[in-house]
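Numbering (the working numbering), first residue to last: 1 to 309.
All C-beta atoms, glycine included, are put in the ideal place defined by N, C-alpha and C.
Just so it is clear, the structure is predicted and the values come from calculations on it, not from any experiment.
Dropping the structure here:
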């Protein structure tokens with residue numbers, strides 16, 4: 001009698017899926033920057049959640065007071081010990097400034113580590129000999145950090161607006177302050193992408209890490225200064241004239257205020273941006289920055305093509 005032999009096949013182990021090919025190579029080569037970016041996002045997220053939690057208490061401390069208390073206003077002495085509003089305002093300002101000027105280190109990193117160093121030490125040419133075309137190499141080099149920068153920066157902008165809530169300008173700053181304006185809208189994402197493109201172009205031009213980092217940093221700084229100077233002209237202003245006194249709406253950015261006295265009568269002309277102009281200016285500035293990023297990216301590809309043997 002022959003015994004039946006049962007053969008069991010072990011279930012195939014499924015390896016976790018992960019990025020493959022050039023994408024995985026980019027992530028692995030720049031893992032230090034990736035870890036730093038992840039830690040920065042995690043820290044900013046935790047900070048903004050905490051700021052949201054103390055927001056109500058901060059607003060209580062940021063109120064008018066009198067000595068002694070009367071007409072519904074609290075006594076100033078009762079608010080002297082309340083410092084949460086100062087802590088809240090200080091950290092909110094720090095987050096907004098970080099979002100505004102993140103373009104500078106991004107451009108320096110893109111010029112030095114992302115592009116310049118690999119051209120300087122020959123790593124790029126080694127990749128081109130392994131069935132990776134130069135155009136594909138550059139496209140992946142730009143696409144991977146672009147996705148990470150856009151999603152990360154966009155998330156922090158949303159959390160920043162959530163943490164700010166309906167706080168008044170005295171606590172979180174006027175909408176037209178540079179760090180508030182950039183850090184609360186899509187322009188923050190566009191600045192990050194423009195910095196990436198400018199840094200990459202600098203890396204291709206100089207082909208060395210240190211000069212590319214400096215040029216990328218300088219180019220992005222010039223872009224920030226130029227956009228700040230042009231911002232008030234990106235959208236038509238409102239002009240009002242009056243005799244005697246003129247009162248403009250609250251949280252208004254006054255671009256020009258002219259007073260003339262004729263026959264003893266004072267004539268006032270004010271040119272300004274009301275708070276409602278925030279989003280139109282945001283969209284125009286974002287469009288300009290994305291155009292700069294696109295132009296720098298196109299120039300980088302053309303330069304790479306021209307320098308190939």
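Reference residue i; option with closest CA among the options
| i | options | result |
| --- | --- | --- |
| residue 273 | 122, 90, 50 and 231 | 231 |
| residue 121 | 209, 216 and 296 | 209 |
| residue 342 | 177, 102, 51 and 115 | A question about residue 342 goes unanswered here, because the residues of the chain that appear run from 1 up to 309. |
| residue 205 | 242, 168 and 296 | 296 |
| residue 330 | 54, 113 and 170 | Given a span of 1 to 309 for the chain in the structure shown, any question on residue 330 remains unanswerable. |
| residue 291 | 192, 49, 154 and 130 | 192 |
| residue 311 | 169, 189, 132 and 140 | Nothing can be reported for residue 311: it is not among the residues displayed for the chain, which extend from 1 to 309. |
| residue 131 | 196, 98, 142 and 21 | 21 |
| residue 293 | 194, 303, 282 and 276 | 194 |
| residue 271 | 283, 280, 264 and 246 | 246 |
| residue 303 | 95, 207, 43 and 49 | 207 |
| residue 305 | 138, 32, 96 and 35 | 138 |
| residue 220 | 33, 86, 289 and 298 | 289 |
| residue 263 | 244, 95, 112 and 187 | 244 |
| residue 166 | 56, 223, 119 and 261 | 56 |
| residue 236 | 279, 96, 31 and 223 | 279 |
| residue 238 | 269, 187, 97 and 224 | 269 |
| residue 98 | 124, 30, 48 and 287 | 48 |
| residue 223 | 187, 240 and 211 | 187 |
Environment of residue i [buried if 16+ CB atoms lie within 10 Å]
| i | result |
| --- | --- |
| residue 184 | buried |
| residue 117 | buried |
| residue 249 | exposed |
| residue 179 | buried |
| residue 226 | exposed |
| residue 141 | buried |
| residue 242 | exposed |
| residue 285 | buried |
| residue 217 | buried |
| residue 307 | exposed |
| residue 300 | buried |
Whole-angstrom C-beta distance between residue j and residue i, which should lie under 8 Å
| i | j | result |
| --- | --- | --- |
| residue 198 | residue 89 | Incorrect: roughly 32 Å between the Cβ atoms, too far for contact. |
| residue 110 | residue 203 | 7 Å |
| residue 58 | residue 171 | 7 Å |
| residue 196 | residue 145 | 6 Å |
| residue 200 | residue 281 | Not confirmed; about 28 Å, so no contact. |
| residue 175 | residue 275 | 6 Å |
Test: residue i CB closer than 8 Å to a CB of chain C
| i | result |
| --- | --- |
| residue 121 | Annotation note: the requested chain C is absent from the structure, which comprises a single protein chain. |
Cβ pair count under 8 Å reaching 3, the region 155 to 166 against the region 239 to 256
no
Contact between the region 92 to 104 and the region 21 to 32: three or more CB pairs below 8 Å?
no
Which residue spans inside the region 115 to 183 form an unbroken alpha helix (DSSP H) run of at least 4?
117 to 120, 123 to 128, 134 to 164, 169 to 172 and 178 to 183
What ranges does the beta strand (DSSP E) occupy inside the region 218 to 277, keeping only unbroken runs of at least 3 residues that lie completely in it?
238 to 243, 253 to 262 and 265 to 273
Would you list, in sequence order, the uninterrupted alpha helix (DSSP H) runs of no fewer than 4 residues that lie entirely inside the region 28 to 64?
31 to 61
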